[in-house]
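J.: After the structure tokens below, expect a handful of questions from me.
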Amino acid sequence: MLPLFYALRNLGRRGIRTLLTLVGMALITVLVILTDGFARGLAKTAATSAAPDVIVLVGAEQEFDLIRSFIPEGNARAAAATLPGVKEVDGRRAISLELHVATRKGDQVGTLRGVEPEAFLVHERVTLIEGVEPAGERELLAGRLAESRIGLPAGALAVGRTVELEGLPWKVVGRFAAPGTVLEAELWGRLRDVMTATRRVDVSAVAARMDSPESMEEVAIWAARNRLAYEIAAKTEVELYAGLSETLAPITLLARLMALLVLAGGVLALTNTMFASVLARTREMGTLRAVGYGPLAVGVSLLEESLLLAAIGGLTGYLVAGLFGEVPLKFPMGAFYLDLSVPVRLTGLGAALVAGLLGGLIPALRAIRMPLVDALGDKL
Amino acid sequence: MNLRNSSFALTLFAGALLSACGGESAPSVGGSPSAPAAPATPSTAGSAMLLPADLRDAVPVLEALAGQEGQEVAIVGKLQSRVKGRALFYLVDESVPDCTRTGDKDTCRTPWDYCCNVKEMKAGIMLVELRGTDGKPLRVEPLGLRELDLVAVKGTLTKGEGGRLMLLAKDGWFLRDRPKVRSSIKFPD
Chain A
586 MLPLFYALRN
596 LGRRGIRTLL
606 TLVGMALITV
616 LVILTDGFAR
626 GLAKTAATSA
636 APDVIVLVGA
646 EQEFDLIRSF
656 IPEGNARAAA
666 ATLPGVKEVD
676 GRRAISLELH
686 VATRKGDQVG
696 TLRGVEPEAF
706 LVHERVTLIE
716 GVEPAGEREL
726 LAGRLAESRI
736 GLPAGALAVG
746 RTVELEGLPW
756 KVVGRFAAPG
766 TVLEAELWGR
776 LRDVMTATRR
786 VDVSAVAARM
796 DSPESMEEVA
806 IWAARNRLAY
816 EIAAKTEVEL
826 YAGLSETLAP
836 ITLLARLMAL
846 LVLAGGVLAL
856 TNTMFASVLA
866 RTREMGTLRA
876 VGYGPLAVGV
886 SLLEESLLLA
896 AIGGLTGYLV
906 AGLFGEVPLK
916 FPMGAFYLDL
926 SVPVRLTGLG
936 AALVAGLLGG
946 LIPALRAIRM
956 PLVDALGDKL
Chain B
22 MNLRNSSFAL
32 TLFAGALLSA
42 CGGESAPSVG
52 GSPSAPAAPA
62 TPSTAGSAML
72 LPADLRDAVP
82 VLEALAGQEG
92 QEVAIVGKLQ
102 SRVKGRALFY
112 LVDESVPDCT
122 RTGDKDTCRT
132 PWDYCCNVKE
142 MKAGIMLVEL
152 RGTDGKPLRV
162 EPLGLRELDL
172 VAVKGTLTKG
182 EGGRLMLLAK
192 DGWFLRDRPK
202 VRSSIKFPD
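Protein chains in written order, with our numbering: chain A, 586 to 965; chain B, 22 to 210.
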């Protein structure tokens with residue numbers, strides 16, 4: 586076999602072409618990482634938004650759209666008071682009446698959710714990361730991705746800032762995180778304030794955390810029996826968000842298809858580069874074989890060159906993608922962070938190596954099959 | 022480098038494009054709402070609950086709703102909704118049109134919700150339960166019935182939640198008819 590140094594030296598011999606191919610491979614790696622990160626971030630948000638132990642009572646006539654759902658407040662309070670199996674946290678029932686409003690800000694639409702203090706016991710993944718919970722009139726809690734969702738510049742919903750919603754000024758008193766959920770893109774206010782601001786006398790839903798899996802079934806029976814009395818239907822959060830996964834599935838599929846196309850581009854680029862290398866060094870390869878190196882050794886050396894190019898370009902792309910930080914992206918029902926975690930970046934690096942292998946394969950086979958006499962005569 | 026631009030997704034896609042050119046058991050029935058809690062009733066298959074003969078004396082749901090508490094009656098109606106794995110479902114009077122046919126633009130995917138006739142549906146709907154000794158709806162898996170099935174069932178009228186009349190079924194039910202629906206309609210599990 587030819588030493589690895591031979592492959593490395595050959596890369597240096599055609600500096601400009603090598604450099605251009607390296608830049609191309611780095612870009613391709615970054616693109617594969619971004620498209621895969623987009624698909625994974627979106628899929629993760631759709632799949633993990635629902636808590637398995639949360640039940641949502643919605644209006645009997647709008648079972649899957651919380652924005653359009655309505656339950657007379659009296660019915661909602663009566664249902665909340667009698668719902669069985671609700672988890673108790675420090676003596677408080679984890680159940681909250683909620684009003685979900687699609688609020689406009691210019692041509693952007695965000696979600697304003699009116700909640701009761703117990704909402705924080707229901708939505709366990711919501712964590713206050715700055716400031717305090719809303720306690721005064723028209724005080725607001727902003728999710729980490731709320732600015733991105735509603736099209737406001739970064740910092741516009743910082744603690745202490747005032748923002749106009751539903752024609753009224755609201756003061757941001759806190760920020761919250763709810764990793765991997767659509768909640769993170771929402772704005773939360775006190776239920777009474779949101780009802781007053783939107784002139785609503787009904788609520789959208791009653792959300793409750795159940796104390797056991799058995800209680801989930803108990804609630805289904807309870808809700809069916811009380812359906813006509815309270816005009817409600819019970820849905821698990823998983824059922825509510827199943828539609829979200831279904832809606833987003835084609836987008837994630839498209840993103841993954843894009844990643845494959847990018848990868849195919851990388852394979853073609855490397856094939857082209859390695860073919861050029863074979864054509865430029867036909868006589869040299871003939872000479873190598875004349876002095877005793879077998880055709881396989883020459884072919885493997887070409888494959889090494891291709892893999893080296895892909896590895897260096899891929900590693901560069903891996904490092905560049907790591908510099909991007911948190912990239913928020915929005916979609917119609919919420920927002921999410923691009924997933925640029927190590928596993929995603931390693932996928933990009935792996936894709937570059939696959940491109941290197943496939944891209945070097947055909948030129949290597951060509952070199953292996955080259956008749957020695959023709960190679961020495963540079964007749965290819 | 023911290024990209025905080027929501028249009029980034031589009032750029033991303035554009036860039037990408039450019040770069041790449043039970044064993045069955047007999048049902049235990051007859052519980053009442055005030056029955057004390059008991060161990061869970063074993064699951065029964067819906068096929069075991071199917072009555073061999075039609076209930077020819079079955080009356081429409083609307084007629085049964087005008088009945089008296091404690092009255093024994095057989096009713097017939099279209100299944101509107103159910104609780105998975107339990108002998109609990111709602112029957113709607115057959116005279117109330119469901120949303121299977123809503124004209125040329127027939128795109129309704131859940132015609133059993135009667136969203137096109139909510140008011141009439143609410144007036145002509147009755148809860149049916151077949152309870153076990155624990156007072157809960159019997160475990161029936163699979164139920165063997167689906168939405169819009171025309172079902173006849175016999176039982177006793179009793180007051181349910183909110184004071185509305187409901188039917189405590191005595192034994193099983195009879196599947197009188199299963200309407201044909203568009204293939205695009207997917208029934209719940």
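Positions of the beta carbon are idealized from the N, C-alpha and C atoms, including for glycine.
Only a predicted model underlies this, so the values are computations on that prediction, with no experimental measurement involved.
Applying the 10 Å Cβ sphere with the 16-neighbour rule, what's the burial state of A:E889?
T.: Residue mapping note: residue 889 of chain A aligns to position 304 of the first sequence, counting from 1. By the 10 Å Cβ count, A:E889 comes out buried.
J.: Do you know whose CA, among B:G181, B:K201, B:T177, lies nearest B:A79's CA?
T.: In the second sequence, residue 79 of chain B corresponds to position 58, counting from 1. The shortest C-alpha separation from B:A79 is found at B:T177.
J.: Does any residue of chain B have a CB that is nearer than 7 Å to the CB of A:R777?
T.: Reading the first sequence from its first residue, position 192 is the one you call residue 777 of chain A. Closer than 7 Å: no.
J.: Taking the alpha-carbon positions, what's the A:T932 to A:I618 distance?
T.: Taking the first sequence and counting its residues from 1, the one referred to as residue 932 of chain A is at position 347. Taking the first sequence and counting its residues from 1, the one referred to as residue 618 of chain A is at position 33. Cα-Cα distance, rounded: 7 Å.
J.: Taking A:V779 as the reference, which of A:E683, A:R689, A:Q693 has the closest Cα?
T.: By one-based count along the first sequence, residue 779 of chain A stands at place 194. With distances taken between Cα atoms, A:V779 lies closest to A:E683.
J.: Less than 7 Å between C-beta atoms, sequence neighbours within five positions excluded: which residues of the same chain meet that for A:Y878?
T.: By one-based count along the first sequence, residue 878 of chain A stands at place 293. Only L587 meet the Cβ criterion.
J.: List the residues of chain A that B:E136 touches, going by C-beta distances under 8 Å, in chain order.
T.: Mapped onto the second sequence, residue 136 of chain B falls at position 115. The sequence given here places Cys at residue 136 of chain B; Glu does not occur at that position. Near B:C136 (Cβ distances below 8 Å), the residues of chain A are E646.
J.: Which residues in chain B sit within 8 Å of A:N811, going by Cβ to Cβ distance?
T.: If you number the first sequence from 1, residue 811 of chain A lands on position 226. Ordered by position in chain B, the residues that pass the 8 Å Cβ test against A:N811 are E182, G183.
J.: In whole angstroms, what separates the C-alpha of B:G91 from that of B:E150?
T.: As a working note, residue 91 of chain B is residue 70 in the second sequence. As a working note, residue 150 of chain B is residue 129 in the second sequence. When rounded, the distance between both Cα atoms is 15 Å.
J.: B:D114: which of B:G156, B:Q101, B:R185, B:L189 sits nearest, CA to CA?
T.: As a working note, residue 114 of chain B is residue 93 in the second sequence. Of the listed residues, the one whose Cα sits closest to B:D114 is B:Q101.
J.: Give the DSSP bridge partners of A:Y922, in chain order.
T.: Sequence index remark: in the first sequence, residue 922 of chain A carries index 337 (1-based). BP columns for A:Y922 point to A:P913.
J.: Nearest to B:A69 by alpha carbon, out of B:A173, B:L164, B:A190?
T.: Taking the first residue of the second sequence as position 1, residue 69 of chain B is located at position 48. Of the listed residues, the one whose Cα sits closest to B:A69 is B:L164.
J.: Buried or exposed: which applies to B:R130, given that a residue is buried once 16 or more other Cβ atoms fall within 10 Å of its Cβ?
T.: Within the second sequence, numbered from 1, the residue matching residue 130 of chain B stands at position 109. Looking at its Cβ environment, which holds fewer than 16 other Cβ atoms inside 10 Å, B:R130 is exposed.
J.: With H, G and I counted as helix, E and B as strand and the rest as coil, what does DSSP make of B:K191?
T.: The count along the second sequence starts at 1 and reaches residue 191 of chain B at position 170. Note: B:K191 maps to strand in three-state DSSP.
J.: Is there a Cβ from chain A that is less than 7 Å from the Cβ of B:L164?
T.: Indexing the second sequence from 1 puts residue 164 of chain B at position 143. No, its Cβ sits nowhere closer than 7 Å to a Cβ of chain A.
J.: Under DSSP, the beta strand (DSSP E) around B:F110 begins and ends at which residues?
T.: For this step, residue 110 of chain B is matched to residue 89 along the second sequence. Run containing B:F110: 109-113, per the beta strand (DSSP E) assignment.
J.: Taking Cβ-Cβ distances shorter than 7 Å, what residues in chain A pair up with B:V139?
T.: On the second sequence, position 118 is the one that residue 139 of chain B refers to. The answer, in chain order, is E646.
J.: Can you tell which of B:A190, B:L169, B:V117, B:V82 has the C-alpha that lies nearest to the C-alpha of B:C137?
T.: Sequence index remark: in the second sequence, residue 137 of chain B carries index 116 (1-based). Looking at the Cα atoms, B:V117 is the closest of the given residues.
J.: Beta carbon of A:S862, beta carbon of A:Y591: below 7 Å?
T.: On the first sequence, position 277 is the one that residue 862 of chain A refers to. On the first sequence, position 6 is the one that residue 591 of chain A refers to. Result no, Cβ atoms of A:S862 and A:Y591 do not sit closer than 7 Å.
J.: Roughly how many angstroms lie between the CA atoms of A:K672 and A:T901, to the nearest whole one?
T.: For this step, residue 672 of chain A is matched to residue 87 along the first sequence. For this step, residue 901 of chain A is matched to residue 316 along the first sequence. About 50 Å.
J.: Counting only beta-carbon atoms, is A:A805 nearer than 7 Å to chain B?
T.: On the first sequence, residue 805 of chain A is found 220 positions in, with the first residue counted as 1. Answer yes: the Cβ-Cβ gap between A:A805 and chain B drops below 7 Å somewhere.
J.: How would you write the range of the beta strand (DSSP E) that B:I146 sits in, first residue to last?
T.: Here the question's residue 146 of chain B lines up with position 125 in the second sequence. Per DSSP, B:I146 belongs to the beta strand (DSSP E) from 146-150.
J.: Give me whichever residues DSSP pairs with B:I96 in a beta bridge.
T.: As a position in the second sequence, residue 96 of chain B is number 75, starting the count at 1. In the DSSP output, where bridge partners are listed per residue, B:I96 has B:V80, B:V174.
J.: If you measure beta-carbon to beta-carbon, which residues of the region 609-639 of chain A are closer than 8 Å to chain B?
T.: If the cut-off is 8 Å between Cβ atoms, the region 609-639 of chain A has L612, I613, L616, L619, T620, F623 near chain B.
J.: I'd like to check one pair, A:A631 with A:L966: are the Cβ atoms closer than 7 Å?
T.: Any question about residue 966 of chain A goes unanswered here, given that chain A covers just 586 to 965.
J.: Which residue from A:G851, A:A720, A:T696 puts its Cα closest to that of A:E703?
T.: Position 118 of the first sequence, counting from 1, holds the residue named residue 703 of chain A. Looking at the Cα atoms, A:A720 is the closest of the given residues.
J.: Please state the DSSP three-state secondary structure of A:G962.
T.: Within the first sequence, residue 962 of chain A is the residue found at index 377, counting from 1. Coil, per DSSP.
J.: On the three-state DSSP scale, how would you describe A:R710?
T.: The sequence position of residue 710 of chain A within the first sequence is 125, counting from 1. If DSSP states are grouped into helix, strand and coil, A:R710 belongs with coil.
J.: Please compile the residues from chain B whose C-beta is within a distance smaller than 9 Å of the C-beta of A:A814.
T.: Position 229 of the first sequence, counted from the start, is the residue given in the question as residue 814 of chain A. The contacting residues are G181, E182, G183, G184, R185.
J.: Only counting the same chain, and skipping five residues up and downstream in sequence, which positions put a Cβ closer than 8 Å to that of A:M870?
T.: Residue mapping note: residue 870 of chain A aligns to position 285 of the first sequence, counting from 1. So the list reads V863, V883, A952, M955, A960, once near-sequence residues are dropped.
J.: For A:A854 and A:S830, I'd like the C-alpha separation in whole angstroms.
T.: Numbered from 1 along the first sequence, position 269 holds the residue referred to as residue 854 of chain A. Numbered from 1 along the first sequence, position 245 holds the residue referred to as residue 830 of chain A. Going by the C-alpha atoms only, they are around 36 Å apart.
J.: Starting from A:G745 and walking both ways along the alpha helix (DSSP H), at which residues does that stretch end?
T.: In the first sequence, residue 745 of chain A corresponds to position 160, counting from 1. It is not in any alpha helix (DSSP H) - A:G745 carries neither H nor E in the DSSP assignment.
J.: Cα separation between A:H786 and B:L169?
T.: As a first step, residue 786 of chain A is located in the first sequence; it is residue number 201 there, counting from the start. As a first step, residue 169 of chain B is located in the second sequence; it is residue number 148 there, counting from the start. Looking at the sequence shown, residue 786 of chain A is not His but Val. Cα-Cα distance, rounded: 34 Å.
J.: Let me confirm a value: A:A906 is counted as buried when at least 16 other C-beta atoms fall within 10 Å, else exposed. Which label applies?
T.: For the purposes of this step, residue 906 of chain A is identified with residue 321 of the first sequence, where counting begins at 1. When all chains shown are included, A:A906 counts as buried.
J.: Sorted by chain position, which residues of the same chain lie with C-beta nearer than 7 Å to A:F860's C-beta, five sequence neighbours on each side aside?
T.: The residue labelled residue 860 of chain A in the question sits at position 275 within the first sequence. Excluding sequence neighbours, A:F860 sits near P948.
J.: Does the Cβ of A:D924 have 16 or more other Cβ atoms within 10 Å, making it buried, or fewer, making it exposed?
T.: Stepping through the first sequence from its first residue, residue 924 of chain A is reached at position 339. So A:D924 ends up on the buried side.
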